[in-house]
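Data first, discussion second: the structure below is written as structure tokens.
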Amino acid sequence: MTGRGLSNRDIAQQLGVSVRTAEGHIYRACAEFGVSRRTDLADLL
Numbered sequence: 011m012t013g014r015g016l017s018n019r020d021i022a023q024q025l026g027v028s029v030r031t032a033e034g035h036i037y038r039a040c041a042e043f044g045v046s047r048r049t050d051l052a053d054l055l
């Protein structure tokens, strides 16, 4: 979803979770892939 350019709010709505939860998932995914920006994460996905 990050790869499609969706905002944290849009991702949260699609997953049925809070915006804060979506932010946490994105943060952990960035850490797992060793990137610091969501745009870099999107490039990987």
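Residue numbers (the numbering used here): 11 to 55. Beta carbons: idealized from backbone N, C-alpha and C, even for Gly. Quick caveat, the model's predicted, so the values are computed rather than measured.
{"Asked": "For V29, three-class secondary structure by DSSP", "Found": "helix"}
{"Asked": "G34 in three-state terms, based on DSSP", "Found": "helix"}
{"Asked": "Buried or exposed (CB count within 10 angstroms, at least 16 for buried), L51", "Found": "buried"}
{"Asked": "Contact under 8 Å by Cβ, A22 with A32", "Found": "yes"}
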